[in-house]
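Structure, as C-alpha cells:
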Amino acid sequence: MQREDIQKLGAQAARDGLTLWDCPYYRAAAMPGHTGESISQWRGKVEAWEAGWMEATGGGQAPPGSRTRYVPRAMSRLVI
C-alpha cells in the first residue's frame with residue numbers, strides 16, 4: 003500500500019472518531035515481528051497513518067488521557 007493510501011486511511015479514521023492510538027499498525031498482527039517487514043518500513047506506515055490522522059484533525063485533538071505523553075514524528079512534518 004502506498005503512503006498516500008495509508009494517509010487517506012488515517013484521515014478517514016479521524017473522521018470516524020478514532021483516536022491516534024487506534025492506528026492499525028499498532029496491533030500485534032501488524033508489527034514487524036509478525037509481518038516480517040523491516041522496522042523502518044513499519045515505521046513509515048505508522049507515520050503515514052498518523053500524518054493523515056493529524057491532517058484530518060488539524061493536529062489539535064489530544065491523545066486519550068489527561069496529558070500528552072507522546073508527540074508522533076509525523077506531527078513535526080505536518081504543515082499547518
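So the number in my numbering is just where the residue sits in the sequence shown, counting from 1, plus 2.
Note that CB positions come from ideal geometry on N, CA and C, so glycine has one too.
* Asked: When you compare only the Cα positions, how much space is there between M56 and P34?
  -> 23 Å
* To do: Over the uninterrupted alpha helix (DSSP H) stretch that includes W51, give me the two end residues.
  => 41-59
* Using the rule of at least 16 other Cβ atoms within 10 Å of the residue's Cβ for burial, across every protein chain shown, is I8 buried or exposed? -> buried
* **Cα-Cα separation, A30 to H36** => 7 Å
* **Local conformation of Q4 per DSSP, three classes** => coil
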